[in-house]
Every structure is written in C-alpha cells, then in structure tokens.
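**Student:**
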Amino acid sequence: MATAANQETLAKINAALSVFATSTDKQQIAGANEWLQDFQHTIEAWEISSSLLINPDCSDAVKTFAAQTLKTKVVYDLAQLPAEQHALLRDTLVSALQHYSAGPRKILIQVCLALSALSIQMPDWSSTAVKDLIASLGADPAFVPGLLQFLAVLPDDLTSNSRIPISDDEYRTRTQALLTDNGERVIEILTVYQNAQGITPHIQNLIFEVLSNWVMAGEISTTTLANTTLFDFAFQALASDELFDNAAELLCELIHETQELDDNMAVIEMIVPRLISLQPRIAVDKDDPDKLRRWCQIFCEAGETYRMLIVHHTETFLPLVLAIAECAANDDLDIVQLTFSFWYRLGQSLGKQRSIPPEITKVYENVLNTFLRHIHFPSDVESTTAQDADDFRSFRHDIGDVLKDCCYVLGADFVLDRTYAVLTSALERGMAGNVVAWQEVEAPLFAMRALGGEIDWTQQNEKILKIMEILPALPAHPRVRYAATMLMSRYTPWVAKHPEHIPSQLNYITAAFQDTDLEVVSAAGHALKYLCQDCKQSLVPYLEQLYQFLATVGVKLMQEDKLAIYEAIGWIISSMPMEHAASTLRKFAIDIFATIQAVPGDSSVHNQAVIECLEQLEQLLDVVGPFGEELPAACQNTAAETWAIMDDIIARRGAIPDICDRTTRVIRLGLQVFDKQALPLVPAILARLTSRFENTGFASYLWAIGKVIQRFGLEEDPVVRNAIQQTYEMCTVKCSVIFSETTISHHSDVVDDYLSIVTPLTEQCPDILFLSPVFPTAFVILVGSLQLYNSDTTFRALGLIRAIIGHDCLQLPPGFQPPPKFPLYAEAISATIQKHGPLLVSNLFAGLLDQFAPEMMSGVITTVRIMTQLWTTSMQQWVPTVVDALRVPPALEPAKAQFLLDFNSALASQDLDKLKPALANLQRSVLRAKDRRRPLDR
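At position 268 of the sequence shown the residue is numbered 268 (this note's numbering), and the sequence of numbers has no breaks.
1) If distances are taken between C-alpha atoms only, which option among Ile-470, Tyr-482, Lys-536, Gln-537 comes closest to Ser-504?
2) Are Ala-16 and Ala-30 closer than 9 Å when you measure CB to CB?
3) To the nearest angstrom, how far is the alpha carbon of Val-758 from that of Gln-7?
4) Measuring alpha carbon to alpha carbon, tell me which residue in His-498, Lys-466, Val-520 is nearest Arg-479.
5) At which residues does the alpha helix (DSSP H) containing Trp-46 begin and terminate?
6) Once the 5 residues before and after Cys-535 are set aside, which same chain residues still bring their CB inside 8 Å of it?
7) Could you compute how far the alpha carbon of Pro-889 sits from the alpha carbon of Phe-899?
8) Based on Cα-Cα distance, which residue from Thr-385, Gln-725, Lys-63, Ser-341 lies nearest to Ser-772?
9) Only counting the same chain, and skipping five residues up and downstream in sequence, which positions put a Cβ closer than 7 Å to that of Ser-736?
10) State the start and end residues of the unbroken alpha helix (DSSP H) segment that holds Arg-274.
11) Relative to the C-alpha of Ile-356, which residue among Ile-335, Leu-410, Glu-382 is closest?
12) Determine the direct distance from the alpha carbon of Gln-98 to that of Val-126, and round the result to whole angstroms.
13) Is the stretch 567-575 touching the stretch 527-544 in the sense that three or more CB pairs, one from each, lie closer than 8 Å?
14) Anyone know if the C-beta pair for Leu-679 and Asp-717 falls short of 9 Å?
15) Exposed or buried, which one is Asp-57 when buried takes at least 16 other CB atoms within 10 Å?
16) Taking buried to mean at least 16 other C-beta atoms within 10 Å of its own C-beta, is Asp-561 buried or exposed?
17) Between the C-alpha atoms of Asp-675 and Ser-603, what's the straight-line distance to the nearest angstrom?
18) Taking all protein chains shown into account, do 16 or more other C-beta atoms lie within 10 angstroms of the C-beta of Ser-858, making it buried, or fewer, making it exposed?
19) Taking Val-422 as part of the alpha helix (DSSP H), name the residues at either end of that continuous run.
20) Mapping the DSSP letters down to three states, classify Glu-567 as helix, strand or coil.
21) On the three-state DSSP scale, how would you describe Glu-382?
22) Taking Cβ to Cβ, would you say Val-381 is nearer than 9 Å to Ser-349?
23) Do Ser-700 and Asp-753 have their C-beta atoms within less than 9 Å of each other?
24) In angstroms, rounded to a whole number, what distance separates the CA positions of Pro-155 and Val-210?
25) Closest to Phe-65 by CA distance: which of Glu-47, Leu-36, Leu-78, Val-75 is it?
26) Which residues mark the beginning and the end of the alpha helix (DSSP H) in which Thr-759 is found?
27) Can you look up Tyr-306 in the DSSP assignment and give me helix, strand or coil?
28) Within the continuous alpha helix (DSSP H) that includes His-944, where are the two ends?
29) So, helix, strand or coil for Ala-2, using DSSP?
30) Helix, strand or coil for Arg-940, going by three-state DSSP, please let me know.
31) What does a CB cutoff of less than 7 Å around Val-673 pick up in its chain, not counting 5 residues either side in sequence?
32) Tell me which residue opens and which closes the alpha helix (DSSP H) that Gln-197 is part of.
33) Determine the closest residue to Leu-901 out of Thr-229, Gln-811, Thr-384, Ala-918, with distance taken between C-alpha atoms.
34) Does the Cβ-Cβ distance between Ile-271 and Ala-217 come in under 9 Å?
35) In terms of residue numbering, what span does the alpha helix (DSSP H) encompassing Leu-118 cover?
36) Rounded to whole angstroms, what's the CA-CA distance from Gln-876 to Gly-183? Just pull it up for me.
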C-alpha cells in the first residue's frame, strides 16, 4: 500500500468484512455494512479500491469488495472523476479483467459490470469499446475467458441498468454503438473460438452464454446465428453433460426469438427437424430430472412459439406436441407443470378454429387421461408433510385449469363425460368386489368440480343429472365426502335451473354439517352458501327448516361454519319482498341479541361468546344490505331497540379490543340498514363511541365515528351538528394526549382512523373543522402523520393537508362574493400555518429524503407550491432553515445544496413552475442514494 492512511483503511475494510463472515449480531452487521457503504461514497475509494483490487496480499473478500466498489462508483459517482481520468480508469479495469480472467468468477463479474457501465458513459470509447477489447484480449488464450465474460454481461447490463445517469437519447445512441453495431463482430469471434483447436468446455459454455444474452437482447439475429457453425454445434452440445445446460438455454432463447413466424420461417425450418430428432432423448433421460426438465423447457418453448404452425401444419409439427405430451406423462410433477402454459395457449388457439385436426384431438384425449391420473392423491398422503400437501393441492388446482383447457379442444361435454366415466368405472369395480382406493373416486369428483366453470347451465345436460343422483351413493370416506360436497357447491347454477332437486341437495349438505371430519363440515358451509346464493328465491320456503337447523345442529358447529350458514340465510332474506325480509331479519337478529344478553359473566369465554354472536350478526347484515330510505313497518322501532342493546354491550364490554372491533362494524352496517331512521340516535351513538375512545384509546371507535359523520355530516339538525363538533373536539384532544405520551409511530392505527374523522369534516363540515379551537391541534396531528412509514396513511394525511391549505377561502377569484364564513376559515388556516408551517415543511422534506413512497411526490410538489405561493415570505425563511438542518449521507449534500439554489432562484424569478423540477431532481438523487445503499453481499 502506498500510504499509512491506505493501510489504516485496509485494516478497517478487513475488520468490517470479517463481521459479515463471523458475526450473527444484527447491529454489528448493520454497522459494518454502513461503514463500507460510506467508504464507497468517498472520492478516496477510487484510488484505494483500484490498489486493493490488484494487491496480491489482499484476501479474495477484500478484492471482491474492491471490485464491487469500483462497479458502484462507475455507476453512481463517475462525475467525481475529471473526464481526463476516465481513460486511466478504463485501463485499470481492463488490466483487472486480464488479471482475473481465470477467476475468481465473482470478482471477474464485478469488473465486467464496471467496464460495461463505464463504456456507455465514455462517448469517445462507446463506438470502439467492443472492437478494442476484442483486439487487445481476443488473441491471447489466457484473456479469452475474461473477454467472453464481458461480452456475456454487456447486453443484459446495458438494457437493464436504469441507474446510469445519461439521457434517453445518449442511451439509444451508445447502446447502438456498443451492441447493435457489434453483433456481426461478436458472432465472428465466437465462431473463430468454436472452431479453434483445443477449445475447452469452459470456453464453449461461455460462448453459449454470450450467444444467449446477445440473442435475447435482439442484437444477434436468428438468421445470422443459423448461418454459422454455432447453430449446429448448439444442437450437438446437447449430447455433452458439461455443455448441456448452456446449450439448452441458448436454444430456448433462439426459439423464442423466432416468434415472428413469417420473418423467421427459414430458421424455423432448420430448428424443427433437429428438435424432432431429439425427441427420443426424453425417454432416455426420463430418470434424470434435471435433464428432463431442460428437454421439457426446450420443447415447450417451441410448442408455445410455433403453436399457430401446429394449428395450420399439424402433420409437420405434431411431433412437438407428442414430445410435450410425453413430458406431461412423467411422474415428476415439477416437470409436468412446465407443460401447463403450452396446453393453455395451444387450446386457446385451437378453440378459435372452425375445425380441429383429428390428430390433435387424439393427443388431447390422451392428455386428459394423463391429467386425470395426475390429480390422484398419493397413496401415502397421510404421511406427507404439511408443505408437500399444500404444494400438491396447489398443483391440483393448476391441473384443474388444464382440464378446462382441454374443453377448448374436446368440448366441455366430452371432458365431463370422460371424467364421469372414470368415476363410474371405479364405482362399478368396487361394487364387483374389487379393492378400489378412495383416490380413484375422489379424483374424478375433483375434476368435475374444476370443470364447473366450462359448463353451459342453460343447456339440458343429462350427465349432470346422473352426477347429482350418484353423489349420495358414494363411499363414506371423508375425502370423498368433501369432494362431493364441494362439487355440489360448484353445480348450484344447475340446481337453480332445476329447483326440484333442492330438497335432496339441502338434505345432503345439512347432513354433512354433522360429519366428524372438520373439512367436510367446512365444505358443507361452502356448499350451503352457494346454494342459497344461486337458488335464494327457491329456498324461501326452506328458511324455517334452516332456522330450526341453526337452533339445533348449528349450536354445535364451529364459528366459521356458523358464519357460512348465516351468510347463506342472508342470501335468502335478500331475495324476499321488503316487508317479509325485514320481519325475517328481525327474527334472526332478535335470537342473536337474546343469546348475547343471556351471556352471564365477563370471563374470556363469555366475551368470546359475545364476539361470535356479533360476528354472526355482522355476516347477516352484510349480505342482506340496506332496505332503502323507507323502512318496512317491521323495522320502524327496531333502530332504538337495537341501539339499546348495542349501547349496553359497549358500556359493559367495550374495553375488550375484539368486542370493540365487532360492535363498531355492526354499528356501521346497522346505520346502512336504518339510514334516516337512525338520525335521532346519532347524538347518543357519538357520545357513547367518544366516551369509550377516551377510556380505551381503541382506534376502532374513531373509525366508527368517522362512518357516522360520513353518513350524517350534511344534516342540518343543530343537535346532530353539535354532537359532531363535541365528538371532533374530544377525540382530537384525546389523540393529542396519546401522541404526546408515546411517539406517533406507535399508534398508526389511531392516526389512520383519526383521518377517517377529519376527511368527512373537511368535505361536509368545514365550519366545524376550521372554527373549532382544536383545529390547530388537529392540523398538528395531520402533519405528524407524515412521519409514519405507512404509505397509505401518509398519503391520506398529505391529501388532507393539501385540501386545507388549498381551500377556496384562501384564493378567491376577483369579484367573487365569498360565503359568509370564508374569511373566518381563511383566518383560522393562516394562523395555524404561521404557527405550525415550519413543522409541516420539516416533515415534508424529512419524508422526501427518507420514507415517502415515490407516488407521494406529486402531493409534495403541490403542497410546497401552494405554501410558497400563499406564504412566500415565511417559506423563504422556513425552507432553507429546514433543508440546512437535515442530516443526510455525504452523497446527498451536493443535491441538497443544488435544491436550495434552485428554490431561491424560483422565488427570485417569481417562477414557481421551477419548484417542480427542483424537487424532482432532489427526489431522484434520494432514490439513487437509497438504491446504492442496499446491503452488501455477505
């Protein structure tokens, strides 16, 4: 090392890197990461990293970090170096490329990425960079690996690296010079290397990697590649274990790039025969999952790309389909699912044709049989892990989609008939005394359920009738019962067309609720919900039966299953005439309230019973929905009765968080049902909710208050308006107390729901919002909300702030006669801004430099502009003071200084349009700084 200072820096780098290697302490790791990244920001990092990179005494870890640092600085900090030093930096990187040509690969990759980023930022070198490197490195076998690695990373890096600070025009011009203009040159040198004597598999793999990336980027055309010896070699390399993966990757890219069929027909005619000749390898490698996966990828890529050729030239391209079908028949489900996209896309294309070739139809029939076999649960399903079981369920649902794809080709009736035949075959073998595993019965049931979306329910279908008739006679195995019940839930649209089957369906489903298997019971709830949703009018006569069922069997069910029943009942009620629906809803609600009132104590068990009752009522109300402005006679007095019970629940149990959540949700739904009938109760409702919020601090009470104000905020009743004002003031004071005791970030839910109060006040009751003595406190809460890391909340808070400072009362058009209270609003807002404006400006810029999401930028710009326009003199003082005081990483100091120059320029020229680019430039600098401060590789 040249200096003692560099020696000291090296020691610090070694110490920081050793933390990554040896420590598990998160704070230590974060500290080491921060020090290393701060070092990368410094100007000294250029010289030190260049020295470390070629220092033989340094460890690979240090050299890797040095290479990463140079890459990072070329991308972000090239402006730190005078232009005349760029060539020296290039030479340093080229020397490093030579030095590490043989590895370690991790260092070599970083050096190549640095050279790539440098090449597009050196306009004098961009046009000759590839040519120069080929000339200086390409003739020496020791340097060829480094050259090829550079050529491999160049297209992907240039097309995906959006962090390089150049204009779009510069980018287009220089990528043209670096990539497009060099396609022929690259393929020439690759051909030379491939034909060279003594070429190693390592070089051959690098050749394939270069070709794949240049073809994928569109910089080497398929025609150009097909006219070289490299084309045939890619197919020949599939016989080599060492070259197989990279050759397969190249062929996939090559096939994909021939998707413009008319332009690439000559190449396609070269590819397809060679592919077809390789089909026997699928059988040869069927027990090698890695190789078989690659074969499947190649053939599926070809099948998807050439699917229209398969449709119109079936005889020629049919072997591709057969190869993919052979892959789909493999027992390795990871390989099977690689074919799913092909069957979907080919099915879509075939479904648009007037006729389908019989050869294709035959393939799809076999594929249908294949997938009906694949959806069988494994014989050892009970011993599989939970993760494996979840993976298989997900796989089965994907196969269900493939069965639907088969319908495009074979027709839904055929697929349903074939599946039904599989089911009846299993049942007949069982009746004949043969041992039939439950999987053989369950699988076709699952398949028929998946096919439900493809069936035309308006058409007569005798097969569906047979399916429905056979369900009650199925074996009693829990998984079979579950599949049958879920099948019923999917076929309820057919039942709606054939209501005579409702009794048998309803009996089957209600009996399933009494099954000992919880999954069967859950399926019953699912089926009942859809039966009642699709057949709601036909089920009105059965409502009493469901009422009795709920009162007897229902009490023994799990809460989730009870909720399914209440949802189902809600659908039936929603279909009734209004008067009848109201009385029926009241009947069920009274039973729920009676259960709540009968709960004797306050233990956790008792409170849970109340919570479950409230959930049931919520489910019922949510489905039934509002009755409209005029309530039926049956509900005329119900609002007061209901509130009396809810008020008692809140008073007695409202300090229980879950009960608070449920009661407030029921209140919201109740207000929808009763609408204007609830107006006389609004003061009492607000008083109780406010009192409970003051006692507990639970955010849900604020949320419910916001819903009340949102629904009744436009009412002119002075009693209601007075109640809204008192609630607003008491809640604001309570929130201020909460946020003064602990930081606002600990109460994001309270903040979010407080905004639910301020929002309707801003829109409907500005006099209550602005003229209250708590308005400055409310504004401070909004400004404090900008400190949260919840982007939705900060976005809402910024929107409210913008609405307040941009209120019409502050910017009256000439000659406009304002409403009487506008001057009072303006006075209140201006006084609040003069007092709390510095805090607002501080939080805006702190958020911009730290946690604000990019989509908030528009709101920040608008807010700063309005503030500058209306309070110019104050902003001239606040903004520089705030920005100067902000602590930022060293890399952001120049951006901060530039913003202040741009801000002062905008004010001096009275051109506020300049504020937008000034803030946008600051944000871009922030985003670049965040991007480069990602954790270093451990």
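Glycine included, C-beta positions come from ideal geometry on N, C-alpha and C.
Model, not experiment: these values are computed from the prediction.
**Tutor:** So, to answer that:
1) Taking the first residue of the sequence shown as position 1, residue 504 is located at position 504. Minimum Cα-Cα distance from Ser-504 among the listed residues Ile-470, Tyr-482, Lys-536, Gln-537 corresponds to Ile-470.
2) Taking the first residue of the sequence shown as 1, we reach residue 16 at position 16. Taking the first residue of the sequence shown as 1, we reach residue 30 at position 30. Cβ distance not < 9 Å, so Ala-16 and Ala-30 don't count as in contact.
3) Here residue 758 corresponds to residue number 758 of the sequence shown, with the count starting at 1. Here residue 7 corresponds to residue number 7 of the sequence shown, with the count starting at 1. When rounded, the distance between both Cα atoms is 60 Å.
4) Here residue 479 corresponds to residue number 479 of the sequence shown, with the count starting at 1. If we check each option's Cα against that of Arg-479, Val-520 comes out closest.
5) Walking along the sequence shown from the start, residue 46 turns up at place 46. Start and end: 44-53.
6) Here the question's residue 535 lines up with position 535 in the sequence shown. Correct list, in chain order: Thr-492, Val-495, Ala-496, Pro-499, Ile-502.
7) Taking the first residue of the sequence shown as 1, we reach residue 889 at position 889. Taking the first residue of the sequence shown as 1, we reach residue 899 at position 899. Rounded to the nearest whole angstrom, the CA to CA distance from Pro-889 to Phe-899 is 15 Å.
8) Reading the sequence shown from its first residue, position 772 is the one you call residue 772. Among Thr-385, Gln-725, Lys-63, Ser-341, the Cα nearest to that of Ser-772 is on Gln-725.
9) Start at 1 with the first residue of the sequence shown, and residue 736 comes out as number 736. For Ser-736, where only same-chain residues beyond five positions count, the Cβ hits under 7 Å are Thr-777, Ile-781.
10) Position 274 of the sequence shown, counted from the start, is the residue given in the question as residue 274. It spans 265-277 - the alpha helix (DSSP H) in which Arg-274 sits, taken as one unbroken run.
11) As a working mapping, residue 356 is identified with position 356 in the sequence shown. Nearest C-alpha to Ile-356: Leu-410.
12) In the sequence shown, counting from the first residue as 1, residue 126 sits at position 126. In the sequence shown, counting from the first residue as 1, residue 98 sits at position 98. According to the sequence provided, residue 126 is Ser. The question's Val does not apply to it. Straight-line spacing of the CA atoms in Ser-126 and Gln-98 works out to 20 Å.
13) Enough Cβ pairs lie closer than 8 Å, so yes.
14) Along the sequence shown, one-based indexing puts residue 679 at 679. Along the sequence shown, one-based indexing puts residue 717 at 717. Contact: yes.
15) Along the sequence shown, one-based indexing puts residue 57 at 57. Burial check for Asp-57: the Cβ neighbour count within 10 Å stays below 16, so the residue is exposed.
16) The count along the sequence shown starts at 1 and reaches residue 561 at position 561. Its Cβ being crowded by 16 or more others within 10 Å, Asp-561 is buried.
17) Along the sequence shown, one-based indexing puts residue 675 at 675. Along the sequence shown, one-based indexing puts residue 603 at 603. Answer to the nearest angstrom: the Cα atoms are 35 Å apart.
18) As a first step, residue 858 must be located in the sequence shown, where it is residue number 858. Around the beta carbon of Ser-858, fewer than 16 other beta carbons sit within 10 angstroms, so the residue counts as exposed.
19) Indexing the sequence shown from 1 puts residue 422 at position 422. Per DSSP, Val-422 is one residue of the alpha helix (DSSP H) stretching across 412-431.
20) Here residue 567 refers to the residue found at position 567 of the sequence shown. Note: Glu-567 maps to helix in three-state DSSP.
21) Residue numbering aside, residue 382 sits at position 382 when the sequence shown is read from its first letter. DSSP places Glu-382 in helix when its eight states are reduced to three.
22) Counting from one through the sequence shown, the residue named residue 381 turns up at place 381. Counting from one through the sequence shown, the residue named residue 349 turns up at place 349. No Cβ-Cβ contact shorter than 9 Å links Val-381 with Ser-349.
23) The residue labelled residue 700 in the question sits at position 700 within the sequence shown. The residue labelled residue 753 in the question sits at position 753 within the sequence shown. In this structure, Ser-700 places its C-beta atom within 9 Å of the C-beta atom of Asp-753.
24) Position 155 of the sequence shown, counted from the start, is the residue given in the question as residue 155. Position 210 of the sequence shown, counted from the start, is the residue given in the question as residue 210. Rounded to whole angstroms, Pro-155 to Val-210 spans 9 Å at the Cα level.
25) Position 65 of the sequence shown, counting from 1, holds the residue named residue 65. Nearest option by C-alpha distance: Leu-36.
26) As a working mapping, residue 759 is identified with position 759 in the sequence shown. Following the DSSP letters along the chain, one finds Thr-759 inside the alpha helix (DSSP H) bounded by residues 748-764.
27) Translated into positions along the sequence shown, residue 306 becomes position 306. Of the three classes helix, strand and coil, the one that applies to Tyr-306 here is coil, per DSSP.
28) Missing from the structure shown is residue 944; the chain here goes from 1 to 938 and no further.
29) Within the sequence shown, the letter at position 2 stands for residue 2. No answer about Ala-2 holds up, because its pLDDT of 48 lies below 50 and its placement is not dependable.
30) Residue 940 lies beyond the residue range present for the chain, which begins at 1 and ends at 938; the question has no answer from this structure.
31) Here residue 673 refers to the residue found at position 673 when the sequence shown is read from its first residue. Contacts found: Leu-621, Pro-626, Phe-627.
32) Mapped onto the sequence shown, residue 197 falls at position 197. No alpha helix (DSSP H) contains Gln-197, which DSSP labels as neither H nor E.
33) Here the question's residue 901 lines up with position 901 in the sequence shown. With distances taken between Cα atoms, Leu-901 lies closest to Ala-918.
34) Stepping through the sequence shown from its first residue, residue 271 is reached at position 271. Stepping through the sequence shown from its first residue, residue 217 is reached at position 217. Remark: C-beta atoms of Ile-271 and Ala-217 do not approach each other more closely than 9 Å.
35) What you label residue 118 is simply residue 118 of the sequence shown in a count that begins at 1. Boundaries of the alpha helix (DSSP H) harbouring Leu-118: 105-121, taken from the DSSP string.
36) The residue you call residue 876 lines up with position 876 of the sequence shown. The residue you call residue 183 lines up with position 183 of the sequence shown. Spanning the two alpha carbons is a distance of roughly 56 Å.
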